[in-house]
Structures are given as structure tokens and as C-alpha cells.
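Novice: Take this structure first; my questions come after.
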Amino acid sequence: MKYFIAILMSLIGLFVFGTILKTEYSLAIEITFTILTFIIAFFWEYSLFNKTFDSDFKIKSQRKTISLFDIGMATFWTIYILILSDNSDTLSYLTFVFWAIPFSEFIMWFIYKKKKPYTIFINKNELILNRRWILKRNLTELTQIQYDRFSKNLKLDFKTKREVSIKATEYNTDEIQKLLEILIEKSENNVFVPNNYEPKIKNSC
Numbered sequence: 488m489k490y491f492i493a494i495l496m497s498l499i500g501l502f503v504f505g506t507i508l509k510t511e512y513s514l515a516i517e518i519t520f521t522i523l524t525f526i527i528a529f530f531w532e533y534s535l536f537n538k539t540f541d542s543d544f545k546i547k548s549q550r551k552t553i554s555l556f557d558i559g560m561a562t563f564w565t566i567y568i569l570i571l572s573d574n575s576d577t578l579s580y581l582t583f584v585f586w587a588i589p590f591s592e593f594i595m596w597f598i599y600k601k602k603k604p605y606t607i608f609i610n611k612n613e614l615i616l617n618r619r620w621i622l623k624r625n626l627t628e629l630t631q632i633q634y635d636r637f638s639k640n641l642k643l644d645f646k647t648k649r650e651v652s653i654k655a656t657e658y659n660t661d662e663i664q665k666l667l668e669i670l671i672e673k674s675e676n677n678v679f680v681p682n683n684y685e686p687k688i689k690n691s692c
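First residue of the sequence shown? That's 488 in the working numbering, and the numbers climb one at a time after it.
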């Protein structure tokens with residue numbers, strides 16, 4: 488939450504000094520707030536490397552998936568501001584801000600490959616997903632496991648809270664298999680591995 492508030496304050500400062508309070512120092516202020524926004528976005532993502540939780544089972548991410556949604560939003564707003572907006576001259580600096588999170592994710596892609604942080608924890612009946620926004624779910628309330636073959640996401644549905652998704656390709660196949668076993672074991676409902684989930688098993692020879 489503190490990183491979100493910091494980014495919000497940075498964006499407000501950028502808008503105020505870049506759009507409302509135009510001064511001879513506007514360009515320097517715009518650059519400062521833009522860099523600050525990127526730094527906050529980067530450390531928000533990097534902060535999960537230092538987070539740990541009590542757990543009976545945990546899994547390391549083997550790679551980082553760059554969010555196509557974040558890239559899509561950044562592309563949309565860039566096109567809108569630079570081409571479609573009547574205030575493109577005034578708001579052009581915002582394009583750099585919209586690319587702060589995608590660019591930080593791109594850098595994190597390389598860091599993930601080297602450091603491989605723990606991002607999935609199970610403590611008793613609680614599933615914990617270590618992300619920018621930490622997600623926690625009661626596994627006894629798990630009602631269904633679905634698999635999207637296009638996005639490679641395992642979608643977990645719960646009784647009282649919204650579903651969560653796990654990118655299967657970010658983890659070792661055998662660890663995902665073990666995770667599925669634990670999910671099924673801890674759920675109080677009739678849950679099973681999706682029929683369309685076909686893990687890629689490496690040949691031993």
C-alpha cells in the first residue's frame with residue numbers, strides 16, 4: 488500500500504507542477520517526478536524479494552511474466568495523448584509515466600531469472616501469493632480449478648472471495664503438480680485437476 492500511495496503522490500505532484508503550475512522549472516520537475524515514479528514502481532516490484540511468510544509449502548518463480556495488460560494500457564494512453572488529445576503538448580510528459588511499470592517489469596524479468604523469488608506460499612489452509620498486492624485465500628473454500636490454455640493460467644475459484652490466477656509457466660512443472668495435489672487435498676469441495684491441463688514433462692533421457 489505504501490508504494491501505491493507513493494506513486495499516487497508522485498503522479499499528483501507531476502500533474503500539478505507539469506500542468507497547473509507551469510514555471511520555468513517545469514521540464515526539470517517533470518523529469519524528476521517521472522524518474523521518481525519509475526523508481527517507486529521498480530522498488531514496489533522488487534520488495535517481494537524481501538517478503539517471507541510462515542509456510543508448510545512454498546514455490547520459487549523461475550521467470551517473470553511481463554503484463555500484456557500494463558503494456559496495452561501504456562500503449563493506449565500514449566497513442567491517445569500524442570495523437571488523439573487536443574492537449575498533447577501539455578500532457579506529453581505523461582507518456583513516460585505510463586511506461587514506468589512496464590519498463591520496471593522488463594528489468595525485473597532479468598532479475599527474476601537470476602534470483603528466483605518465492606511467490607507462492609501455503610500455510611496450513613491459507614494460500615498466499617506474493618505479488619505487488621499480496622493475495623490470501625482460504626483453501627477450504629476452493630470450489631473449482633480451471634486452466635486457460637491460451638494464457639497458461641490456473642484459475643482458482645473460491646466461495647466468498649474473488650478468484651485468483653497463477654501463471655503455470657512461471658514455475659517448475661513438478662512443483663505445480665505438487666501444488667495442485669495440495670489444493671485438492673485441502674479443499675472441502677469436489678475439486679479436480681482440469682482436463683485440459685497438460686503439463687510438459689521433461690524427458691529423463
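Beta carbons are placed, not taken as given, at the ideal position from N, Cα and C, and that holds for glycine.
For Lys608, report the span of its beta strand (DSSP E) as first-last.
Specialist: The sequence given here places Phe at residue 608; Lys does not occur at that position. Counting along the chain, the beta strand (DSSP E) containing Phe608 begins and ends at 605-610.
Novice: Use the C-beta contact count for Asn617: other C-beta atoms within 10 angstroms, 16 or more gives buried, fewer gives exposed.
Specialist: Burial call: buried.
Novice: Would you identify the three-state DSSP class for Ile546, choosing helix, strand or coil?
Specialist: Looking at Ile546 - three-state DSSP - the assignment turns out to be strand.
Novice: In whole angstroms, what separates the C-alpha of Asp573 from that of Ile669?
Specialist: One C-alpha to the other measures close to 55 Å.
Novice: Compute the Euclidean distance between the alpha carbons of Leu578 and Thr552, then round it to the nearest angstrom.
Specialist: Computed Cα separation, rounded: 30 Å.
Novice: Answer yes or no: the CB of Lys673 versus the heavy atoms of the ligand HEM, is any distance below 7 Å?
Specialist: The ligand HEM is not among the ligands present in this structure, which contains no ligands whatsoever.
Novice: Below 8 Å between beta carbons: does that hold for Ser591 and Glu628?
Specialist: No, the Cβ-Cβ distance between Ser591 and Glu628 is not below 8 Å.
Novice: Quick one: using the 10 Å Cβ neighbour count with 16 as the cut-off for buried, is Ser548 buried or exposed?
Specialist: Classification of Ser548: buried, given that the 10 Å Cβ count is 16 or more.
Novice: Between which two residues does the alpha helix (DSSP H) harbouring Leu670 extend?
Specialist: From DSSP, the alpha helix (DSSP H) with Leu670 extends over 660-673.
Novice: How many Å lie between Glu613 and Thr630 at the Cα?
Specialist: Taking the straight line from one Cα to the other gives about 14 Å.
Novice: For Ile702 versus Ser542, is the C-beta spacing smaller than 8 Å?
Specialist: Nothing can be reported for residue 702, as the shown portion of the chain is limited to 488 through 692.
Novice: Straight-line CA distance for Lys623 to Thr660?
Specialist: Cα to Cα, the separation comes out at about 23 Å.
Novice: What are the partner residues of Asp644, as DSSP defines its beta bridges?
Specialist: Beta-bridge pairing links Asp644 to Gln631.
Novice: Where does the unbroken alpha helix (DSSP H) through Val680 begin, and where does it stop?
Specialist: Note, Val680: premise wrong, no alpha helix (DSSP H); not H, not E.
Novice: Looking at the structure shown, is Lys489 part of a helix, part of a strand, or coil, going by DSSP?
Specialist: Helix, per DSSP.
Novice: Give me the Cβ distance between Ser554 and Phe520, rounded to the nearest whole Å; I'm assuming they're in contact under 8 Å.
Specialist: Ser554 to Phe520, Cβ: 23 Å. No contact.
Novice: Alpha carbon to alpha carbon, how far is Asp644 from Met560?
Specialist: Rounded to the nearest angstrom, the two C-alpha atoms are 26 Å apart.
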